[in-house]
Amino acid sequence: MKILRQFSVILFISFLGEGLRMIIPLPVPASVYGLILMLFSLCTGILKLEQVKDAADFLIEIMPVMFIPAAAGLLDSWPALQPIWGPVLLITVLTTIIVMAVTGLVTQHIIRKEQTKNERISD
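The letter at position 120 of the sequence shown is residue 119 when you use numbering that gives the first Met the number 0, and the numbering goes up by one with no holes.
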């Protein structure tokens, strides 16, 4: 029952994201609005981590399964993708490397900032 309640909270925030997408005339996906609402709710304390943690952990665990339909859709679209597979592959590899590098650099920056902050507090 606990996970069902937590999942309902996540679905409600996703629903609010859908509503925002309809109201705000920007080309932003509803899921991004939902993620921003979730972040805002967690950062401000409106929503406690314990209220969604178990359901979120479950959803993260099954996330790879969610990519199977997209991969099957790509296989069905092979005739349309065949003429441009080279550029698509190149763009995919390059953007993956860029995202990994930027994520690593941002993480290192945050860790260093936290270490400096902790050193100042301990002195």
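Backbone N, C-alpha and C define an ideal beta-carbon position, used for all residues, glycine too.
Since the model is a prediction, treat every value here as computed from it, not as a measurement.
CA nearest to the CA of residue i, picked from the options
| i | options | result |
| --- | --- | --- |
| L58 | E17, L36, I23, Q5 | Q5 |
| V51 | M62, I9, S30, A79 | I9 |
| E49 | A100, K1, R111, I109 | K1 |
Residue i in three-state terms, based on DSSP
| i | result |
| --- | --- |
| S76 | coil |
| L58 | helix |
Extent of the continuous alpha helix (DSSP H) run through residue i
| i | result |
| --- | --- |
| P63 | 62-65 |
| M21 | 1-22 |
| L104 | 84-121 |
| I35 | 29-43 |
Exposed unless 16 or more other CB atoms sit within 10 angstroms - verdict on residue i
| i | result |
| --- | --- |
| I97 | exposed |
| A54 | buried |
| I45 | exposed |
| K83 | The question names Lys, yet the displayed sequence has Ile at residue 83. It counts as exposed. |
| I12 | buried |
- Message: Does the structure place the segment 29-48 close enough to the segment 12-19 that three or more beta carbon pairs sit under 8 Å?
- Response: The segment 12-19 vs the segment 29-48: in contact.
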